[in-house]
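> For the protein sequence lines, the chains are G and E, in the order given.
If you're matching positions, the first sequence starts at 46 in this note's numbering and goes up one per residue.
If you're matching positions, the second sequence starts at 18 in this note's numbering and goes up one per residue.
The C-beta atom is built at its ideal place from N, Cα and C for all residues, glycine as well.
Submitted below is the structure of interest, expressed as structure tokens.
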Amino acid sequence: MYAYSDFDRDFLRARVDEFRGQVERRLDGSLSEDEFKPLRLMNGLYLQLHAYMLRVAIPYGTLRSAQMRKLAEISQRWDRGYGHFTTRQNIQFNWPRLTDVPDMLDALAEVGMHAIQTSGNCIRNVTADHFAGAAAGEVEDPRLTAELIRQWSTDHPEFAYLPRKFKVAVTASDQDRAVIKLHDIGLRLRERDGEIGYQVVIGGGLGRTPFIGKEVRDWLPKRDLLAYLEAILRVYNLGGRRDNKFKARIKILVHETGLEELRAKIEAEFASGRRLLPDVSPEITAQIAQGFAPPAFRDDPVVPFSPGPAFRSFLDTNLHPHKRADHVSVTVSTKPIGGTPGDVTADQMHVLADLAEQFGYDELRISHEQNVILPHIHRNDLGAVYDALAQAGLATANIGLVSDIIACPGLDYCALATARSIPIAQQISTLFGDLDAQADIGPLKIKISGCINACGHHHVGHIGILGLDRAGVENYQLTLGGDGTETATLGARTGPGFAYDEIVPAVGRLIEAYLDLREDRSEPFLQTYRRVGIEPFKAVLYGERDAKAA
Amino acid sequence: MTQIVSKDGFVADPFAGVVRRSPDDHRPGAALRLGPDADIAALAPLIETASLIEIRFDSFADGRGFSLAGLIRRSGFSGHLRACGPLLVDQFRAALRAGFDDIELPDEIANRQPESQWRAVPFSGGYRERVFSA
């Protein structure tokens with residue numbers, strides 16, 4: 046795994062010192078609150094409803110055991126003994142004190158971690174496929190690209206005060222597990238005549254005005270990547286709207302300018318810039334490639350075993366095929382029935398770190414679906430891994446099922462939220478508590494956002510739930526048919542929203558309807574929805590008459 | 018009043034008394050003052066002959082000037098490039114890396130963020146320079 050160089054370590058130490066100074070300069074009045082705000086945001090520090098919140102970057106979702114242990118230690122020493130994994134493959138601590146934050150950053154820097162550019166109007170932490178380097182069918186490990194972009198974009202002198210935040214995601218597979226079409230820039234590695242390059246998608250995004258990203262280049266040679274990114278960012282920095290923060294993302298620039306005109310500007314800028322931009326240093330390229338060289342996989346012959354029923358259902362649900370037949374990727378659900386999606390305790394973090402160290406080549410991943418992944422597990426170790434997970438309350442067999450819900454922190458934590466998200470997730474999960482029944486319902490992605498900013502990705506949920514505030518009362522709108530993969534689609538609104546105590550029964554009716562409508566168990570919810578359309582679902586939500594009126 | 022800050026700290030303005038002109042009023046060899054929405058490509062002939070180019074920042078949070086500096090340097094301009102506006106100590110390093118020679122600060126900022134803070138900024142190289150170093 047990529048290990049930080051002396052340069053990275055020196056940079057992190059300097060950044061922690063700088064932030065310590067910024068806190069002091071805020072306290073002595075050198076910096077006004079307005080001036081301090083973007084500086085603390087670019088160091089991952091938010092002011093939330095009840096306290097500060099520190100968002101720590103987990104670049105492209107990859108962690109070593111020692112880093113996971115450090116997160117556990119930080120949560121115990123300076124927070125409340127747990128952390129929250131997010132849809133951007135980050136971790137958030139919800140209860141730090143401002144004056145402790147520099148010490149927390151120092152502790153993170155000890156293991157090459159930081160909170161840099163996890164917020165603010167800059168290029169954010171780069172995300173990637175959570176099965177990178179483990180799944181079959183990749184052109185190459187997308188983290189090679191993601192790490193290069195991390196280095197290039199960190200502290201970039203030109204792009205720290207953009208019109209708005211800027212998110213980049215990378216995948217290297219035809220199956221898009223990184224949601225690239227809903228990022229400001231989405232990159233998909235592809236191969237052409239033996240050469241590696243990219244498909245480049247721009248202007249995707251969720252939030253209050255969701256857009257599916259549009260292809261700006263179907264082929265970009267690998268060597269041109271950073272020059273092309275600089276061209277996109279420069280055109281956006283100069284041309285993006287700054288008069289209205291709700292219209293400042295690049296998706297609005299794409300929409301208002303038109304793809305063709307914007308592409309012409311980007312290409313012109315790229316043509317002028319590329320001549321003068323040197324190639325990426327071969328040393329950097331080599332160092333990154335070495336950092337992501339595959340581990341020395343064990344070759345032991347696979348020994349067949351007969352699992353008991355609970356272990357069997359875990360194996361059926363939580364495994365993903367590995368590029369090697371004798372290994373698998375194990376997804377650890379952070380969503381026990383009735384739990385808070387994404388929350389993991391310090392003790393659980395230690396268990397995960399131990400398992401990664403003992404059985405998983407020292408690697409862990411965080412997925413944008415808020416789960417933890419052991420990417421490389423030899424099949425012979427599955428029993429030991431399962432037993433340890435079960436003991437720690439981490440063996441819920443629900444990956445991809447109705448209770449594997451994405452939920453934003455919502456009104457329980459977030460200053461922007463207009464409704465609660467977590468209790469809705471907990472109630473849906475409890476309603477379908479029986480894992481056999483969940484397995485019968487099959488693949489179903491429910492995503493919940495507690496406000497229009499859509500951190501819970503509700504637009505791309507098969508069932509999306511958006512919590513709003515209607516005259517001081519929580520109201521939940523439903524969308525159906527959303528999809529964040531290579532067949533990206535925005536969900537369609539069903540009609541009027543539901544009250545807090547009506548929304549979970551409404552979701553129950555949708556699922557009952559699906560079970561009636563599907564041809565058989567092999568037709569998942571999304572496929573049934575695409576076949577029959579929204580009307581039958583509206584009928585069960587609102588009754589026959591309301592459906593016609595709506 | 019304003020204060021010039023460069024790598025040497027708070028300094029006297031080497032261009033004191035030089036008349037700044039907007040692009041509409043420009044003449045060869047003069048000092049050129051540009052707004053944050055300047056069209057650098059269209060101004061190429063003026064930029065080539067300017068003795069000093071100033072780029073106005075209306076707010077520290079408006080980063081357009083950093084890209085303008087990049088474009089001006091890329092066009093081959095090797096003269097003096099100045100950022101004018103309420104930039105923060107915390108943006109000093111980026112401003113110099115983006116191609117500015119110095120910053121003209123409003124007194125309000127210079128008083129609140131004294132010279133010692135600007136002099137304390139470390140000027141080690143950044144990631145971007147390292148990624149592209151041959």
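Measuring only the C-alpha atoms, how far is Leu-439 (chain G) from Asp-151 (chain G)?
As a first step, residue 439 (chain G) is located in the first sequence; it is residue number 394 there, counting from the start. As a first step, residue 151 (chain G) is located in the first sequence; it is residue number 106 there, counting from the start. Looking at the two C-alpha atoms, the distance is approximately 30 Å.
> Output yes if chain G places a C-beta closer than 8 Å to the C-beta of Val-148 (chain E); else output no.
Locating residue 148 (chain E) in the second sequence gives position 131, where the first residue counts as 1. Yes, Val-148 (chain E) lies at the interface with chain G (some Cβ there is under 8 Å from its Cβ).
> With distances taken between CB atoms, is the gap from Asn-443 (chain G) to Lys-380 (chain G) smaller than 8 Å?
Along the first sequence, one-based indexing puts residue 443 (chain G) at 398. Along the first sequence, one-based indexing puts residue 380 (chain G) at 335. Contact flag set, yes.
> Under 8 Å between C-beta atoms, does Arg-287 (chain G) make it to chain E?
Taking the first sequence and counting its residues from 1, one reaches residue 287 (chain G) at position 242. Interface residue, yes.
> Taking the beta strand (DSSP E) that Gln-67 (chain G) falls in, what are its first and last residues?
In the first sequence, the residue the question calls residue 67 (chain G) occupies position 22. Note, Gln-67 (chain G): premise wrong, no beta strand (DSSP E); alpha helix (DSSP H) at 51-72.
> Alpha carbon to alpha carbon, how far is Gly-540 (chain G) from Phe-582 (chain G)? Give it in angstroms, no decimals.
Taking the first residue of the first sequence as position 1, residue 582 (chain G) is located at position 537. Taking the first residue of the first sequence as position 1, residue 540 (chain G) is located at position 495. Cα to Cα, Phe-582 (chain G) sits roughly 11 Å from Gly-540 (chain G).
> Taking 8 Å as the cut-off, decide whether the C-beta atoms of Ile-89 (chain E) and Ile-57 (chain E) are in contact.
Stepping through the second sequence from its first residue, residue 89 (chain E) is reached at position 72. Stepping through the second sequence from its first residue, residue 57 (chain E) is reached at position 40. It is a contact, given that the beta carbons lie within the stated cut-off.
> Apart from the five residues just before and just after Phe-94 (chain E), which ones in its own chain have a Cβ nearer than 8 Å to its Cβ?
As a first step, residue 94 (chain E) is located in the second sequence; it is residue number 77 there, counting from the start. Here the set comprises Ile-64, Glu-65, Ala-67, Ile-70.
> Using the Cα positions of Leu-105 (chain E) and Glu-80 (chain G), report the straight-line distance between them to the nearest angstrom.
If you number the second sequence from 1, residue 105 (chain E) lands on position 88. If you number the first sequence from 1, residue 80 (chain G) lands on position 35. Their Cα atoms are separated by approximately 8 Å.
> With distances taken Cα to Cα, identify the nearest neighbour of Glu-125 (chain E) among G:Leu-76, G:Thr-172, G:Arg-253.
Numbered from its first residue, the second sequence carries residue 125 (chain E) at position 108. Nearest C-alpha to Glu-125 (chain E): G:Leu-76.
> With 16 other CB atoms within 10 Å as the buried threshold, where does Met-18 (chain E) fall?
On the second sequence, position 1 is the one that residue 18 (chain E) refers to. Under this definition Met-18 (chain E) is an exposed residue.
> Here's the rule I'm using: 16 or more other beta-carbon atoms within 10 Å means buried, otherwise exposed. How should Gly-142 (chain E) be labelled?
In the second sequence, counting from the first residue as 1, residue 142 (chain E) sits at position 125. Under this definition Gly-142 (chain E) is an exposed residue.
> Any C-beta of chain G sitting closer than 8 Å to the C-beta of Ser-141 (chain E)?
If you number the second sequence from 1, residue 141 (chain E) lands on position 124. Yes, Ser-141 (chain E) lies at the interface with chain G (some Cβ there is under 8 Å from its Cβ).
> Does Val-325 (chain G) get closer than 8 Å to chain E when you measure Cβ to Cβ?
As a first step, residue 325 (chain G) is located in the first sequence; it is residue number 280 there, counting from the start. Yes, contact with chain E.
> By Cβ distance below 8 Å, which residues in the same chain neighbour Glu-155 (chain G) in space, the five residues on each side in sequence not counted?
The sequence position of residue 155 (chain G) within the first sequence is 110, counting from 1. Here the set comprises Lys-115.
> Nearest to Asp-344 (chain G) by alpha carbon, out of G:His-421, G:Val-396, G:Ser-466?
The count along the first sequence starts at 1 and reaches residue 344 (chain G) at position 299. Measuring from the Cα of Asp-344 (chain G), the nearest candidate turns out to be G:His-421.
> To be precise: take each residue of the segment 169-203 of chain G, compare its Cβ to all Cβ atoms of chain C, and keep it if any distance is under 9 Å. Which residues remain?
In the structure shown, chain C cannot be found, because the protein chains are G and E.
> Using the beta-carbon of each residue, which ones in chain G are nearer than 7 Å to Asp-107 (chain E)?
Translated into the one-based positions of the second sequence, residue 107 (chain E) becomes position 90. Going along chain G in sequence order, the residues near Asp-107 (chain E) (Cβ under 7 Å) are Gln-67, Leu-84.
> My assumption, with CB atoms under 8 Å, is that Ile-548 (chain G) sits in contact with Ile-486 (chain G). Please give the rounded CB distance.
Looking up residue 548 (chain G) in the first sequence gives position 503. Looking up residue 486 (chain G) in the first sequence gives position 441. About 18 Å; that fails the 8 Å criterion.
> Please identify, using Cβ separations under 8 Å, the residues of the segment 50-65 of chain G that lie next to chain E, in order along the chain.
Within the segment 50-65 of chain G, the residues whose Cβ lies closer than 8 Å to some Cβ of chain E are Phe-52, Asp-55, Phe-56, Ala-59, Glu-63, listed in chain order.
> Could you run through the segment 78-105 of chain E and flag, in chain order, every residue whose CB is less than 7 Å away from some CB of chain G?
The segment 78-105 of chain E vs chain G, Cβ under 7 Å: Ala-78, Asp-79, Gly-80, Arg-81, Phe-83, Ser-84, Gly-87, Arg-91, Leu-105.
> What is the DSSP secondary structure of Ser-317 (chain G), counted as helix, strand or coil?
Counted from its first residue, the first sequence places residue 317 (chain G) at position 272. Ser-317 (chain G): helix per DSSP, three-state reduction.
> With a threshold of 8 Å, are at least 3 pairs of Cβ atoms found where one atom belongs to the segment 246-263 of chain G and the other to the segment 167-175 of chain G?
Taking 8 Å as the limit for Cβ pairs, the verdict is that the segment 167-175 of chain G does not touch the segment 246-263 of chain G.
> Among the candidates G:Asp-200, G:Tyr-47, G:Val-518, G:Gly-529, whose CA atom is the shortest distance from the CA of Ala-160 (chain G)?
The sequence position of residue 160 (chain G) within the first sequence is 115, counting from 1. The option with the nearest alpha carbon to Ala-160 (chain G) is G:Asp-200.
> Label Lys-24 (chain E) either buried or exposed according to how many other C-beta atoms from any shown protein chain fall within 10 Å of its C-beta, with 16 as the threshold for buried.
Looking up residue 24 (chain E) in the second sequence gives position 7. Answer is exposed; the Cβ neighbour count stays below 16.
> From the DSSP output, which residues share a beta bridge with Phe-211 (chain G)?
Indexing the first sequence from 1 puts residue 211 (chain G) at position 166. For Phe-211 (chain G), which the question treats as bridged, DSSP gives the partners G:Ile-168.
> Along the alpha helix (DSSP H) that carries Trp-264 (chain G), what are the first and last residues, could you check?
The residue you call residue 264 (chain G) lines up with position 219 of the first sequence. Here Trp-264 (chain G) belongs to no alpha helix (DSSP H); instead the beta strand (DSSP E) covers 259-266.
> Whose Cβ in chain G lies nearer than 9 Å to the Cβ of Ala-20 (chain E)?
Sequence index remark: in the second sequence, residue 20 (chain E) carries index 3 (1-based). According to the sequence shown, residue 20 (chain E) is Gln rather than Ala. Per Cβ cutoff of 9 Å: no residues; Gln-20 (chain E) is ~15 Å from chain G at best.
> Using the beta-carbon of each residue, which ones in chain E are nearer than 9 Å to Leu-207 (chain G)?
The residue you call residue 207 (chain G) lines up with position 162 of the first sequence. Ordered by position in chain E, the residues that pass the 9 Å Cβ test against Leu-207 (chain G) are Gly-80.
> Nearest CA to the CA of Val-36 (chain E): which residue from E:Phe-77, E:Pro-139, E:Gly-46, E:Ala-127?
Counting from one through the second sequence, the residue named residue 36 (chain E) turns up at place 19. Of the listed residues, the one whose Cα sits closest to Val-36 (chain E) is E:Gly-46.
> Below 9 Å on C-beta distance, what does Arg-279 (chain G) contact in chain E?
Here residue 279 (chain G) refers to the residue found at position 234 when the first sequence is read from its first residue. By Cβ distance, chain E contributes Ser-84, Gly-87, Leu-88.
> Residues in the same chain with beta-carbon distance under 6 Å from Gly-506 (chain G), minus the five sequence neighbours each way, listed in chain order, please.
Along the first sequence, read from residue 1 onward, the residue named residue 506 (chain G) stands at position 461. Contacts found: Lys-490, Ile-491, Lys-492, Gly-527.
> Considering only the beta carbon of each residue, do Gly-501 (chain G) and Asn-520 (chain G) sit closer than 8 Å?
Position 456 of the first sequence, counted from the start, is the residue given in the question as residue 501 (chain G). Position 475 of the first sequence, counted from the start, is the residue given in the question as residue 520 (chain G). No, Cβ-Cβ distance for Gly-501 (chain G) and Asn-520 (chain G) is not below 8 Å.
> Check whether the segment 227-247 of chain G touches the segment 201-218 of chain G, taking contact to mean three or more Cβ pairs, one atom from each stretch, closer than 8 Å.
The segment 227-247 of chain G, when compared against the segment 201-218 of chain G, does touch it at the 8 Å Cβ threshold.
> Confirm the yes/no value for this check: CB of Ser-374 (chain G), any heavy atom of the ligand GDP, distance under 7 Å.
Absent from the structure shown: the ligand GDP. Ligands present: none.
> For Ser-164 (chain G), go through chain E and note every residue whose CB falls closer than 7 Å to its CB, in chain order.
Working through the first sequence from its first residue, we reach residue 164 (chain G) at position 119. Those within 7 Å of Ser-164 (chain G) in chain E number zero; the least Cβ separation is about 14 Å.
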